[in-house]
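Counted from 1, the sequence shown has number 193 at position 193 by the working numbering; the numbering is strictly sequential.
Heads up: the structure comes next, in structure tokens.
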Amino acid sequence: MNDHEFAGYLAECAGEELLKLRASASTERLNPWYLRDQGDILSHKLLIEQIREHRPEDHVLSEEGADDKSRVDADRVWIIDPLDGSQDYPYPESAEWAVHIALVESGRIKAGAVACPSLGRYHVTGLKGSIGSRKNEAPLIVSNRWNTYQASSIAETIGAELTCCGSAGVKTSLVLSGDADIYIHGSGLYEWDACGPVAVSRDAGLVAFQLDGSEFEFNKQTPVVRGLVISRPEYSDLVRKALSY
Ligand SMILES: [Mg+2]
Numbered sequence: 001m002n003d004h005e006f007a008g009y010l011a012e013c014a015g016e017e018l019l020k021l022r023a024s025a026s027t028e029r030l031n032p033w034y035l036r037d038q039g040d041i042l043s044h045k046l047l048i049e050q051i052r053e054h055r056p057e058d059h060v061l062s063e064e065g066a067d068d069k070s071r072v073d074a075d076r077v078w079i080i081d082p083l084d085g086s087q088d089y090p091y092p093e094s095a096e097w098a099v100h101i102a103l104v105e106s107g108r109i110k111a112g113a114v115a116c117p118s119l120g121r122y123h124v125t126g127l128k129g130s131i132g133s134r135k136n137e138a139p140l141i142v143s144n145r146w147n148t149y150q151a152s153s154i155a156e157t158i159g160a161e162l163t164c165c166g167s168a169g170v171k172t173s174l175v176l177s178g179d180a181d182i183y184i185h186g187s188g189l190y191e192w193d194a195c196g197p198v199a200v201s202r203d204a205g206l207v208a209f210q211l212d213g214s215e216f217e218f219n220k221q222t223p224v225v226r227g228l229v230i231s232r233p234e235y236s237d238l239v240r241k242a243l244s245y
């Protein structure tokens, strides 16, 4: 398996196990908070085991793992969110959760994958993916639920509709499929939230940058990201202009 295939394999394996866990839990009526934590742990452990087995030299930065910072000077680092949208994951009616995988070398993305198992969507780099046709008359911006100030401001400036949902991976998938045109995330993002989504977006031909217009740098000492824009190429200049208020 090359790195792209391995990223896809990781996302798919974790996604399948998370689906199984949720299906078994719904009959056992587990407490949602307990199930959320179980999902985080199950997926994290599975991903760490697979990376140790197949890429023993590589380092890992996981939302669910301790960060001893040894990764900062490492050549190859897997940046993973074992379960993105964990607050939605316990509820069988919600599809708004994902698995994010990315491989970073010298601060730049080399490969990645995003699985949205409840939607049956699996995005992976290295396949020369493409973007789905646009589905809406007016441009549609998808944003997160709690911080839509920037998204509202951009929507107003460019005359777009605004919607929201959980999980960065699912929002990214909506832009990849053409269901939405632009994904705006204000702030409060860690590298594991953004890295997999940026990897698969760019590979398919979408444009991605931080909310201040700058390029991402991954595997930093403090692994935070200054907001996230993922856009169809035809809207990226409009968004950049709207952001320079
Ligand atoms: Mg998570």
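Ideal placement from N, C-alpha and C gives every residue a C-beta, glycine not left out.
How big is the Cα-Cα spacing for residue i and residue j?
i	j	result
TRP146	LEU46	30 Å
LEU35	LYS241	43 Å
ALA23	HIS44	19 Å
LEU42	ASN219	24 Å
PRO223	CYS164	25 Å
GLU156	ARG55	46 Å
ASN31	ILE158	43 Å
If I follow the unbroken beta strand (DSSP E) through residue i, where does it start and stop?
i	result
TRP78	76–84
TYR235	Taken as a continuous stretch (DSSP letters only), TYR235 belongs to no beta strand (DSSP E), being part of the alpha helix (DSSP H) at 233–243.
TYR183	182–185
Please determine, among the options, the residue with the shortest C-alpha to C-alpha distance to residue i.
i	options	result
GLY120	GLY188, TRP97, LEU206	TRP97
LEU189	VAL229, ALA160, SER201, THR157	VAL229
VAL60	TYR89, GLU93, ILE101	ILE101
ALA138	GLU234, ALA14, ASP37	GLU234
SER70	GLN221, ASP237, SER236	GLN221
ASP212	TYR122, LYS135, SER236, ALA113	SER236
Using beta-carbon positions only, say whether residue i and residue j come within less than 9 Å of one another.
i	j	result
LEU176	SER201	yes
GLY194	VAL239	First, the amino acid is wrong: residue 194 is Ala here, not Gly. For ALA194 and VAL239, no; Cβs fall outside 9 Å.
LEU103	ASP203	no
SER173	ALA208	no
LEU243	ILE154	yes
TYR122	ALA115	yes
ALA113	GLU191	no
ALA160	ILE131	no
GLY39	PRO92	no
Less than 6 Å between C-beta atoms, sequence neighbours within five positions excluded: which residues of the same chain meet that for residue i?
i	result
GLY166	GLY85, ASP88, GLU96
Over what stretch of residues does the alpha helix (DSSP H) that includes residue i continue unbroken?
i	result
THR172	168–177
LYS45	32–54
ARG108	That residue, ARG108, is in no alpha helix (DSSP H); its beta strand (DSSP E) goes 108–116.
Please return the same chain residues whose Cβ sits closer than 7 Å to the Cβ of residue i, not counting the five positions on each side in sequence.
i	result
GLY15	VAL99, ALA115, PRO117
TYR9	MET1
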